Amino acid sequence: ILNVEQSPQSLHVQEGDSTNFTCSFPSSNFYALHWYRWETAKSPKALFVMTLNGDEKKKGRISATLNTKEGYSYLYIKGSQPEDSATYLCAFENSGYALNFGKGTSLLVTP
Amino acid sequence: NAGVTQTPKFRVLKTGQSMTLLCAQDMNHEYMYWYRQDPGMGLRLIHYSVGEGTTAKGEVPDGYNVSRLKKQNFLLGLESAAPSQTSVYFCASSSVGVVYFGPGTRLTVT
Chain H
1037 ILNVEQSPQS LHVQEGDSTN FTCSFPSSNF YALHWYRWET AKSPKALFVM TLNGDEKKKG
1097 RISATLNTKE GYSYLYIKGS QPEDSATYLC AFENSGYALN FGKGTSLLVT P
Chain F
13 NAGVTQTPKF RVLKTGQSMT LLCAQDMNHE YMYWYRQDPG MGLRLIHYSV GEGTTAKGEV
73 PDGYNVSRLK KQNFLLGLES AAPSQTSVYF CASSSVGVVY FGPGTRLTVT
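Line order of the protein sequences matches chains H and F. Quick note: the first sequence, position 88, residue 1124 per the numbering used here, numbers continuous. Quick note: the second sequence, position 50, residue 62 per the numbering used here, numbers continuous.
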């Protein structure tokens, strides 16, 4: 079992606030780090897949960074909107076969 | 292109009954997975397959069996259901990179 830790467990911000979450993962045998967005009553949808140390990805107001040497990734949301409310999952891939998920960060954005 | 589909969407079983969950994907993906999701536990890998005819155990395989007779299908079986197997089950598939999830099956064992 590979330990993938996410913090905080939950977060409540006001519309317009910027926020960030952390994902910690084993620094050995790294293959890829995934971020998923999971809305209630739906299935997880991929945001980013990062493979290289120093990788930065951006999609609209959401961006992510990766540090494979120290084993962490940050997800940033700029100017949060109510529609950003969801659980954000990170997953560590060490073999190219299966993902090991963290427990997620639950984000609530209120108007 | 339906992506990943799961059958059934909901099911209630009595303790000791058996059932099979069906997952199908139409993206020609090599890899397929079964996860379960429980409150406070995140997604935990039950079994996975790296190609037709192959399967491997994940983090929580006990009480489940799987088969991948065709590339597009991945079956999850419960031989003798227990209340601890009450959960939401997600199937997923991938080729290289992004993993695509099915809509989930909500299983209750009474």
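Beta carbons: idealized from backbone N, C-alpha and C, even for Gly. Model, not experiment: these values are computed from the prediction.
Applying the criterion that 16 or more other CB atoms from any shown protein chain within 10 Å of the CB defines a buried residue, is residue i buried or exposed?
i	result
N1136 of chain H	buried
Q49 of chain F	buried
M1086 of chain H	buried
H1048 of chain H	exposed
G52 of chain F	exposed
G1138 of chain H	buried
L1102 of chain H	buried
P1080 of chain H	buried
V108 of chain F	exposed
Q18 of chain F	buried
F1057 of chain H	buried
S106 of chain F	buried
T194 of chain F	No answer is possible for residue 194 of chain F: the residues shown for chain F start at 13 and end at 122.
Can you name the residues of chain F whose CB is closer than 7 Å to the CB of residue i?
i	result
A1134 of chain H	Y45, L57, Y60, G70
Is residue i close to chain F? Criterion is C-beta to C-beta, closer than 8 Å.
i	result
A1082 of chain H	yes
S1079 of chain H	yes
V1145 of chain H	no
Kindly say whether residue i, judged by its beta-carbon, lies nearer than 8 Å to any beta-carbon of chain H.
i	result
V110 of chain F	yes
F22 of chain F	no
P115 of chain F	yes
F102 of chain F	yes
Residue i touches chain F at which residues, Cβ-Cβ below 8 Å?
i	result
G1138 of chain H	G54
On the premise that residue j lies in contact with residue i, defined as a C-beta separation below 8 Å, what is that separation, rounded to the nearest angstrom?
i	j	result
A1068 of chain H	E1129 of chain H	4 Å
A93 of chain F	T27 of chain F	6 Å
L1143 of chain H	A1127 of chain H	Contact flag wrong, Cβ pair sits at about 17 Å.
M44 of chain F	F113 of chain F	The pair is not a contact, with the Cβ atoms about 11 Å apart (cut-off 8 Å).
G1107 of chain H	S1063 of chain H	4 Å
T1146 of chain H	Q1050 of chain H	6 Å
Y1133 of chain H	V62 of chain F	6 Å
R56 of chain F	T67 of chain F	Contact doesn't hold; Cβ gap of about 17 Å is too wide.
R1097 of chain H	K1114 of chain H	5 Å
Name the chain F residues whose beta carbon is nearer than 9 Å to that of residue i?
i	result
H1070 of chain H	G109, V110, V111
V1049 of chain H	Within 9 Å Cβ-Cβ: nothing; V1049 of chain H doesn't reach chain F, min ~22 Å.
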